[in-house]
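J.:
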Amino acid sequence: MKFPSVSFAKHNNNLFIRVLMIMLLSCATIRVDFCFSSIPSSLKALPLEGNFSFNENEFAARDYGNQYHFLPLAVLHPKSVSDIAITIKHIWQMGPLSRLTVAARGHGHSTRGQALADQGIVINMESLREQKMQFNTGRFPYVDVSASELWIKILHESLKHGLAPKSWTDYLHLTVGGTLSNAGISGQAFRHGPQISNVHELEVVTGKGEVVNCSDKKNADLFQSVLGGLGQFGIITKARISLEPAPKMVKWVRVLYSDFSTFARDQEFLISSKKTFDYIEGLVIINRTDVLNNWRSSFSPQDPDQASKFISDGRTLYCLELTKNFNPDKVDTVNQEIESLLSKLSYIPSTLFMSEVSYIEFLDRVHTSELKLRSKGLWDVPHPWLNLLIPRSKIKAFSQGVFGNILKDTNSSPVLIYPVNKSKWDNRTSFVLPEEDIFYLVAFLFHAIPSSSGTDGLEHILTLNKRILEFCEVAHLGVKQYLAHYTTQEQWQVHFGQRWEVFVQRKLAYDPLAILAPGQRIFQKGISIL
């Protein structure tokens, strides 16, 4: 082909470039369409122990959030880690023009389509769950598990050895790989850190189809990248989880506050004390009447006469939820410890409620609520959740602007709020934290139930979420989103801040074609990462 002369190109530069781009795009389109049409047959030809399904994949087009619907081209049901590696390596070798992306789906509990892959491949990770757990019960106990295993099953199995993981999420019917790809936070995080701080080793399949074992001492960069990495650098397939001796019973305590500053001060006191509770979480109750009567089914008031006279009058109240683990032979000791701790707090005296339950009953408490909601057809409604991490110095301003202004009614949706210690987190992971040593998790766990008033419908809640985020931005609160959702790479860049460059370099190292986790909308296949 003879190229135009310099003079011709100079005077016809725009035309030449347009013609050249049309030629290149035409060739690329022909190649993409050809590859796309041949994809099903090429996938079927892969030497797998498991199989692909190309039809009836509606379950993989939705998630718990129930706001997005993206049907995959195929779903992989792997029977081994090699099935995952072979599939990803095949897509890697097809190059950037194949269009194919890959999303790992555990229990599908994401809320904004993070585990979906529009016309890509969804890996049904629960197909791997048959692998037997391997326990080490020595001085530093741990368990080796498939990343597709549910935390509730790990709890059941580890209790047989008198052990249990240290850190949890509030809901245990989630997969190990799913929570470790985010962080895994609950009321134990102030003491033990999140779940990503309690992992010794991982097995990971990278975006190149490589199976890599990693830890703090071996392939450490990949290890730290994947923890809290939103699935961007590899699919976690196995994990070594730290364990500790498990208690048999739990003292479960709830108290109420009417003043936010007092409520926050008591929470911060408890998470900073050496001798304290084992679980600490807060709950915001806005414009709810007859609060205490709603708890009596599971909690016993210390003074029934006083409790019966307490009326919330629609005020904003703050509930402090606490637990103390114990074994039956230590019940007197634990009662004394609880009494001593409570004596240092400034809650409303008549609102002290206390219950005694088994350890597993407490940890699996959300599942009980799930069964009730399912029976009423309310589990599969949209869940436009908003989870924020807020610096300690800004939490009062946040409370005044959001609880005192934007939110007038939380209906039946929980709003959690509790502080954690940054010292319990590893800043080498991909997870992004606020700057201060203590920060609060505030979780608006909304569920959108259609109603005639429209006050709890999806659009109304999305508007509330938008107002909350706009308030945080205008007030310069230094907030970071947990389980973040952004629609542009520019927004993600702001989210990661100074750590964006490291995040990009890790992406280039482990998934340079941007094959993995397209639902996070951080990188797009076929578009340069840099």
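FYI, in UniProt numbering the residues of the sequence shown are 1 to 530.
Glycine residues also receive a C-beta, built at the ideal position from the N, C-alpha and C atoms.
These figures come from a predicted structure and were not determined experimentally.
1) Which of helix, strand or coil does DSSP assign to Tyr-279?
2) Confirm, please, whether the CB-CB distance from Glu-201 to Thr-175 is below 8 Å.
3) Who pairs with Ser-146 in a beta bridge, going by DSSP?
4) Cα-Cα, which of Leu-341, Gly-178, Arg-62 is closest to Ser-273?
5) Should Gly-404 go down as buried or exposed, given a rule of 16 or more other Cβ atoms within 10 Å for buried?
6) Return the residue from the list Asp-118, Gln-114, Thr-179 that minimises the CA-CA distance to Ser-146.
7) Looking at C-alpha atoms only, which residue of Asp-426, Gly-113, Leu-322 is the closest neighbour of Glu-337?
8) Of all Cβ atoms in chain C, is any one closer than 8 Å to the Cβ of Leu-441?
9) Please report the straight-line C-alpha distance between Gln-114 and Gly-234, rounded to a whole angstrom.
10) Could you tell me whether the stretch 380-400 touches the stretch 476-486, where touching means 3 or more Cβ pairs closer than 8 Å?
11) Ignoring anything shorter than 3 residues, give me the beta strand (DSSP E) runs that lie fully in the stretch 336-377, in order along the chain.
12) Just to confirm the assignment, what range does the beta strand (DSSP E) spanning Thr-487 have?
13) With a CB to CB cut of under 6 Å and the five nearest residues on each side skipped, what residues in its chain are close to Arg-191?
14) How would you label Ser-528, buried or exposed, when you count the other beta carbons within 10 angstroms and need 16 or more for buried?
15) Starting from Leu-463, trace the alpha helix (DSSP H) in both directions and tell me its first and last residue.
16) Is DSSP giving Leu-159 helix, strand or coil here?
17) Pick out whichever of Ile-286, Asp-332, Asp-364 has its Cα sitting closest to the Cα of Lys-408.
18) Among residues of its own chain, excluding the 5 on either side of Asp-380, which ones have a beta-carbon nearer than 7 Å to its beta-carbon?
19) Who does Tyr-440 pair with in a DSSP beta bridge?
20) Grab me the residues of Cys-472's own chain with a C-beta within less than 6 Å of its C-beta, minus the 5 sequence neighbours each way, in chain order.
21) To which residues does DSSP link Ala-74 through a beta bridge?
22) Taking the straight line between their C-alpha atoms, what separation do you get for Ile-360 and Gln-195?
23) Could you tell me the alpha carbon to alpha carbon distance between Gln-498 and Lys-248, rounded to whole angstroms?
24) For Tyr-482, tell me which candidate among Gly-228, Ile-449, Phe-326, Glu-356 has the shortest Cα-Cα distance.
25) In chain order, what are the residue ranges of uninterrupted alpha helix (DSSP H) at least 4 long that sit wholly in the stretch 160-196?
26) Would a C-beta distance cut-off of 8 Å place Thr-424 and Ala-74 closer than the cut-off?
27) Assess, as a yes-or-no matter, whether the stretch 498-516 is touched by the stretch 204-211 under the definition of 3 or more beta carbon pairs within less than 8 Å.
28) Measuring only the C-alpha atoms, how far is residue 532 from Glu-435?
29) Of the residues Asp-426, Gln-400, Ala-484, Glu-356, which one's Cα is nearest the Cα of Thr-316?
30) Give me the Cα-Cα distance between Ser-215 and Arg-506, rounded to the nearest whole angstrom.
31) Can you check whether the CB of Val-432 is closer than 8 Å to the CB of His-495?
32) Can you tell me where the alpha helix (DSSP H) holding Ser-261 begins and where it ends?
33) Use the C-beta contact count for Pro-384: other C-beta atoms within 10 angstroms, 16 or more gives buried, fewer gives exposed.
34) Identify the continuous alpha helix (DSSP H) that holds His-90 and give its terminal residues.
35) Mapping DSSP to helix, strand and coil, what is Trp-385?
36) Are the CB atoms of Val-204 and Leu-222 nearer to each other than 8 Å?
T.: If we stick to the structure as given:
1) Here residue 279 corresponds to residue number 279 of the sequence shown, with the count starting at 1. Note: Tyr-279 maps to strand in three-state DSSP.
2) Within the sequence shown, numbered from 1, the residue matching residue 175 stands at position 175. Within the sequence shown, numbered from 1, the residue matching residue 201 stands at position 201. Cβ atoms of Thr-175 and Glu-201: not closer than 8 Å.
3) By 1-based counting over the sequence shown, the position of residue 146 is 146. Lys-238.
4) Within the sequence shown, residue 273 is the residue found at index 273, counting from 1. Of Leu-341, Gly-178, Arg-62, the residue nearest in Cα terms is Leu-341.
5) Along the sequence shown, read from residue 1 onward, the residue named residue 404 stands at position 404. It is exposed - the Cβ of Gly-404 has fewer than 16 other Cβ atoms within 10 Å.
6) For the purposes of this step, residue 146 is taken as the residue at position 146 of the sequence shown. Of the listed residues, the one whose Cα sits closest to Ser-146 is Thr-179.
7) Translated into positions along the sequence shown, residue 337 becomes position 337. Out of Asp-426, Gly-113, Leu-322, Leu-322 has the C-alpha closest to the C-alpha of Glu-337.
8) You won't find chain C in this structure, because it holds only one protein chain.
9) Locating residue 114 in the sequence shown gives position 114, where the first residue counts as 1. Locating residue 234 in the sequence shown gives position 234, where the first residue counts as 1. The straight-line gap from Cα to Cα measures roughly 15 Å.
10) yes
11) 353-358
12) Locating residue 487 in the sequence shown gives position 487, where the first residue counts as 1. Unbroken run through Thr-487: none, as it is neither H nor E.
13) Counting from 1 along the sequence shown, the entry for residue 191 is found at position 191. None.
14) Here residue 528 corresponds to residue number 528 of the sequence shown, with the count starting at 1. Ser-528 comes out exposed.
15) As a working mapping, residue 463 is identified with position 463 in the sequence shown. Residue identity differs from the one stated: residue 463 is Thr in this sequence, not Leu. From DSSP, the alpha helix (DSSP H) with Thr-463 extends over 458-474.
16) Along the sequence shown, one-based indexing puts residue 159 at 159. Leu-159 falls in the helix class under three-state DSSP.
17) Translated into the one-based positions of the sequence shown, residue 408 becomes position 408. Comparing Cα-Cα distances from Lys-408 to each of Ile-286, Asp-332, Asp-364, the minimum goes to Ile-286.
18) Counting from one through the sequence shown, the residue named residue 380 turns up at place 380. If we look at Asp-380 and ignore the five residues flanking it on each side, its Cβ neighbours are Asn-66.
19) Residue numbering aside, residue 440 sits at position 440 when the sequence shown is read from its first letter. Bridge partners of Tyr-440: Ile-390, Pro-419.
20) Taking the sequence shown and counting its residues from 1, the one referred to as residue 472 is at position 472. Result list for Cys-472: Val-479, in chain order.
21) Taking the sequence shown and counting its residues from 1, one reaches residue 74 at position 74. Partner(s): Ile-121.
22) Taking the first residue of the sequence shown as position 1, residue 360 is located at position 360. Taking the first residue of the sequence shown as position 1, residue 195 is located at position 195. Ile-360 and Gln-195: Cα-Cα distance of roughly 18 Å.
23) The residue labelled residue 498 in the question sits at position 498 within the sequence shown. The residue labelled residue 248 in the question sits at position 248 within the sequence shown. If I take the Cα positions, the gap works out to 45 Å.
24) Walking along the sequence shown from the start, residue 482 turns up at place 482. Per the Cα distances, Gly-228.
25) 176-180, 189-192
26) Indexing the sequence shown from 1 puts residue 424 at position 424. Indexing the sequence shown from 1 puts residue 74 at position 74. Checking the sequence, you will find Lys at residue 424 rather than Thr. For Lys-424 and Ala-74, no; Cβs fall outside 8 Å.
27) yes
28) The structure shown has nothing for residue 532, since the chain only spans 1 to 530.
29) As a position in the sequence shown, residue 316 is number 316, starting the count at 1. Comparing Cα-Cα distances from Thr-316 to each of Asp-426, Gln-400, Ala-484, Glu-356, the minimum goes to Gln-400.
30) In the sequence shown, counting from the first residue as 1, residue 215 sits at position 215. In the sequence shown, counting from the first residue as 1, residue 506 sits at position 506. Going by the C-alpha atoms only, they are around 16 Å apart.
31) The residue you call residue 495 lines up with position 495 of the sequence shown. The residue you call residue 432 lines up with position 432 of the sequence shown. A contact, by the Cβ cut-off of 8 Å.
32) The count along the sequence shown starts at 1 and reaches residue 261 at position 261. Here the alpha helix (DSSP H) through Ser-261 covers 260-272.
33) Here residue 384 refers to the residue found at position 384 when the sequence shown is read from its first residue. It counts as buried.
34) Working through the sequence shown from its first residue, we reach residue 90 at position 90. Its alpha helix (DSSP H) spans residues 81-94.
35) The residue labelled residue 385 in the question sits at position 385 within the sequence shown. Coil, per DSSP.
36) By 1-based counting over the sequence shown, the position of residue 204 is 204. By 1-based counting over the sequence shown, the position of residue 222 is 222. Yes, the Cβ-Cβ distance between Val-204 and Leu-222 is below 8 Å.
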